[in-house]
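Inspection log for the structure reproduced underneath, given as structure tokens.
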Amino acid sequence: MALNIIILAAGQGSRMDSDRPKVLHELGGAPLLVHAMKAGGALSPDAMVVVVGVGAPDVTAAALDWNPDAQVVSQAEQLGTGHAVRQAQSALAGAPGDTLVLYGDTPFLTAETLQAMLDARARHAVVVLGFRPADPGRYGRLVMAGDMLERIVEFKDADPATRTIGLCNSGVVACDTALLFDLLADVTRANVADEYYLTDIVGLARARGLPAGVVECPEDQTLGINTRAELSSAQALLQARMRADAQADGVTLIAPDTVHFAHDTVIGRDAVVEPNVVFGPGVTVESGARIRSFSHLEGCHVSRGAIVGPFARLRPGAELAEDVHVGNFVEVKNAIIAEGAKVNHLSYIGDADIGERTNIGAGTITCNYDGVFKHRTVIGKGAFIGSNTMLVAPVTVGNRAMTATGAVITQDVPDGALAIARVRQENRPGLAVKFMDRLRALKAARKGG
Ligand code: UD1
Ligand code: MG
């Protein structure tokens, strides 16, 4: 059946006490909004509509960055969740099938839970995702009559008896698309908050004799982020899940609690991650690679058998082929390092292609930036770059070529050539002793005076 997803992301999130809209605060290297979009996207919807309001330009950019096909609609004034959903009506005009409403600040919903809601639509016109929190607090309460959901009562509007109900509203709703907007047209602001409540569609559906039901999920899936403290708890939860998943997938984590993953980190079987490694977004590590301690990786690919670190930094566009070694205090950015090449010590490799089995000596720098433009360094196969070589890009070093230690390479080096680009050494016999004696005499004379 056709499926549309609406994600509500217009609110301020004032309890974050931030200039940044709440849904743009990051969890595992991605905005909260992206987590909600990922959860919904896993169901392959036909349309995804994001409702933006506070911080609209930035929230829009983040939504489209993750899913360029998303439609963004704006809610100029935040008049409630029902009003927010109504803003998506024209974007979904005539759209067939069901619509699932998610919140942009609720990152842990699983595709299985959402699928269970869509399955439950076979029995109910409106399906609400419920949960039983340890502390029901100020959540909306789900009023049941047997298996039938009769209505949702917001905490603010609830009488003491209703407040004792433990089954709460997560906010996620599934409904036939046309029916959803039809019911919303009847929603009023007659409540304590003077808002259009999305939750009122349940009572309205029941008044029309339509069945409504609940799918329950564990509390941790409906965890919404409202404060910095909740955000950090969510980080801990995400990390715990990622660590458990990695180990279940055959990855060795020597000290799991010290490894930080991004939401999309992919690590192959039998890879080893040593203590204190940080993965930013967009990292894939293949089977059997080893990431040694204190390395920081983002937007990069590490192939089978490669060794990274300790203390290495792989930045976006770093592509390490099989059996590449990148050692301590080496930074690699936007560079392709071919099979078996080694960059073992104290180097910066940026905007470069390094050929197979080439060895880059300690202290090598690709001088890629002239202050305005970035330029590329291309090094062939089996080359040997001497220690402390400066490669002033754009420059090409050929296959099996060498650069002498301390070279400043400003011209291309042909295949097989040795480039020497430094001042020739000159030895002056006895001059060191003479020089030091003179300085010591000078010091003694000053003390005496
Ligand atoms: C809502 C539910 C409540 C439920 C709780 C779960 C309603 C009326 N109440 O309450 O039953 O237990 O979520 O967390 O739906 N938003 C907009 N535009 C608006 C208002 C809200 O986009 O005009 C967005 C917010 O950014 C947020 C989401 O909708 O992502 C929920 O809004 P929020 O104000 O947090 O609703 P609650 O009062 O928590
Ligand atoms: Mg809320």
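With positions in the sequence shown counted from 1, the corresponding number in our numbering is that position plus 549.
For every residue, glycine included, the Cβ atom is placed at its ideal position computed from N, Cα and C.
None of these values were measured; they are calculated from a predicted model.
{"Asked": "Got a sec: does the ligand FAD put a non-hydrogen atom nearer than 8 Å to the Cβ of Gln638?", "Found": "Among the ligands modelled here, namely the ligand UD1 and the ligand MG, the ligand FAD does not occur."}
{"Asked": "At what residues does the beta strand (DSSP E) containing Thr926 begin and finish?", "Found": "926-928"}
{"Asked": "Look at Gly889 and Glu868 and say whether their C-beta atoms are less than 9 Å apart.", "Found": "no"}
{"Asked": "Among the candidates Ser844, Gly631, Ala739, whose CA atom is the shortest distance from the CA of Glu880?", "Found": "Ser844"}
{"Asked": "For the ligand MG, I want to know if Asn740 counts as a neighbour, meaning its beta carbon is within less than 8 Å of at least one of the ligand's heavy atoms.", "Found": "no"}
{"Asked": "For a minimum of 4 consecutive residues, which ranges assigned as the alpha helix (DSSP H) are wholly contained in the segment 916-992?", "Found": "none"}
{"Asked": "My assumption, with CB atoms under 8 Å, is that Leu573 sits in contact with Asp595. Please give the rounded CB distance.", "Found": "Actually they are not in contact, since the Cβ atoms of Leu573 and Asp595 sit about 26 Å apart, beyond 8 Å."}
{"Asked": "Mapping DSSP to helix, strand and coil, what is Ile701?", "Found": "strand"}
{"Asked": "Within 8 Å: the Cβ of Gly752 and any heavy atom of the ligand UD1?", "Found": "no"}
{"Asked": "Using a threshold of 8 Å, is the CB atom of Tyr897 nearer than that to any non-hydrogen atom of the ligand UD1?", "Found": "no"}
{"Asked": "By the 10 Å Cβ neighbour count, where 16 or more other Cβ atoms means buried, how is Thr776 classified, buried or exposed?", "Found": "exposed"}
{"Asked": "Would you list the one or two residues that DSSP bridges to Ser623?", "Found": "Val601"}
{"Asked": "Is the segment 716-724 touching the segment 747-763, taking contact as three or more C-beta pairs under 8 Å?", "Found": "yes"}
{"Asked": "Would you say Asn718 touches the ligand MG, meaning its beta carbon is less than 8 Å from a heavy atom?", "Found": "no"}
{"Asked": "Count the other C-beta atoms from every protein chain shown that fall within 10 angstroms of the C-beta of Ala999, then say buried if there are 16 or more, exposed otherwise.", "Found": "This structure leaves residue 999 out entirely; the chain is present only between 550 and 998."}
{"Asked": "Grouping DSSP H, G and I as helix and E and B as strand, with all else coil, what is Gly589?", "Found": "helix"}
{"Asked": "Give the single residue among Met951, Glu626, Ala610 whose Cα lies nearest to the Cα of Tyr745.", "Found": "Glu626"}
{"Asked": "Kindly indicate which three-state DSSP category Gly791 falls into: helix, strand or coil?", "Found": "First, the residue type needs correcting, since residue 791 is Met and not Gly in the sequence shown. The answer is helix: DSSP assigns Met791 an H, G or I state."}
{"Asked": "Is the CB-CB distance between Gly562 and Val600 below 9 Å?", "Found": "no"}
{"Asked": "Could you have a look at Met565 and say whether DSSP puts it in helix, strand or coil?", "Found": "helix"}
{"Asked": "Count the other CB atoms within 10 Å of the CB of Phe810; is the residue buried (16 or more) or exposed (fewer)?", "Found": "buried"}
{"Asked": "Considering only the beta carbon of each residue, do Ala669 and Gly577 sit closer than 9 Å?", "Found": "no"}
{"Asked": "Kindly identify the DSSP beta-bridge partner or partners of Leu802.", "Found": "Val822"}
{"Asked": "On a CA-only basis, which of Leu780, Ala642, Pro978, Thr807 is nearest Arg727? Give me that one, please.", "Found": "The question names Arg, but residue 727 is Ala in the sequence shown. Ala727 has its Cα closest to that of Ala642, out of Leu780, Ala642, Pro978, Thr807."}
{"Asked": "Going by beta-carbon coordinates alone, are Asp902 and Arg925 separated by less than 9 Å?", "Found": "yes"}
{"Asked": "Could you pull out every residue in the same chain whose Cβ sits closer than 6 Å to the Cβ of Ile816, ignoring the five residues on either side in sequence?", "Found": "Ala795, Val800, Val834"}
{"Asked": "Here's the rule: buried if 16 or more other CB atoms are within 10 angstroms of the residue's CB, otherwise exposed. What is Thr959?", "Found": "exposed"}
{"Asked": "Tell me the DSSP secondary structure of Gly752 in three-state form.", "Found": "helix"}
{"Asked": "Along the beta strand (DSSP E) that carries Glu765, what are the first and last residues, could you check?", "Found": "761-765"}
{"Asked": "Judging by CA-CA distance, which residue of Ile934, Met985, Val972 is the nearest neighbour of Ala966?", "Found": "Ile934"}
{"Asked": "For the 8 Å Cβ check, are there 3 or more pairs between the segment 659-677 and the segment 735-745?", "Found": "no"}
{"Asked": "Report whether the distance from the Cβ of Leu641 to the nearest heavy atom of the ligand UD1 is below 8 Å.", "Found": "no"}
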